[in-house]
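One structure below.
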Amino acid sequence: MKEEAIGTLVKDHIVVGIDGSESSKNALRWAANLSPTISDTIDVFVVWEYPTMLGWEGGIPEWLKPDEDAKKILDATLKSVFGDNPPKGLVGRIHEGHAASVLLEASKSAKMLIVGSRGHGGFAGLLLGSVSSACAERAACPVLVVHEKESTESKK
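Numbering (the numbering used here), first residue to last: 39 to 194.
Encoded structure:
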C-alpha cells in the first residue's frame, strides 16, 4: 500500500472513508470485492481535524496528535482487513479537514463512494451516521453505506 495526498487522485476510482470502526472495515471489504468490476484503484481516506473545543487561545497541547492517530487507524484497519496482502491499487490517504467535506470532494472524480455507518447523531443517526448521511445526500457518484453487521461474507 502506498500513501499519497488528496491532490493525486486518479479518475474513476473507488473512495472509501474509514475510521477504524467495524462498519468502516466492512466498507473496505466491499470496496475490495467490487474493485475488479468497478475500478483498479481504491483510495482509502482517514480524515482528521482538531477538536473545536480547543479554540485559538490555549494553543494545541503537545500530546494531541490527530494526524499520527489517523496514521495508526489507517495502518491498523488495513492490517485487520487485509493482513499483509492489501489489494493491488489500494492507496492510503490521511487528510486534515471535516470527513464529509473531504469525502464529498473526492467523490467528484470517483465511480463509487463507500462509507460505514455507526448510526450516531440525532434522528438521521437512527439509521445513518452524520458523515454517511451527508455523503449519501450530496456525493457526486453512487454511494454504498455499509452498516456494522453487514459483511460481504453474509451476501454469498
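C-beta atoms are modelled at their ideal positions from N, C-alpha and C, and glycine is treated no differently. Being a predicted model, the structure only gives us computed values, none of them experimental.
Apart from the five residues just before and just after residue i, which ones in its own chain have a Cβ nearer than 8 Å to its Cβ?
i: K198; result: Here the chain covers residues 39 to 194 and nothing more, so residue 198 does not appear.
i: D107; result: W86
i: H25; result: No information on residue 25 is available, as it lies outside the stretch 39 to 194 that the chain covers here.
i: S59; result: G154, R156 and E186
Which residues in the same chain as residue i place their Cβ atom closer than 7 Å to its Cβ, once the five residues preceding and following it in sequence are excluded?
i: S61; result: G154, S155, R156, V184, H185 and E186
i: P125; result: A70, S73 and I80
i: R176; result: L142
i: A148; result: H51, I52, V53 and C179
Using the three-state DSSP reduction, which class does residue i fall into: helix, strand or coil?
i: D57; result: coil
i: K126; result: coil
i: A177; result: coil
i: D78; result: coil
i: K149; result: strand
i: R131; result: strand
Please tell me whether residue i and residue j are closer than 8 Å, where the distance is taken between their beta carbons.
i: Y88; j: P74; result: no
i: V54; j: A65; result: yes
i: V82; j: G130; result: yes
i: A172; j: K146; result: no
i: S77; j: D113; result: no
Could you pull out every residue in the same chain whose Cβ sits closer than 6 Å to the Cβ of residue i, ignoring the five residues on either side in sequence?
i: V140; result: V85 and H133
i: S170; result: V153, S155 and V183
Quick check: is any heavy atom of the ligand ATP less than 7 Å from the C-beta of residue i?
i: A114; result: Of the ligands one can find in the structure shown there are none, so the ligand ATP has no counterpart to examine.
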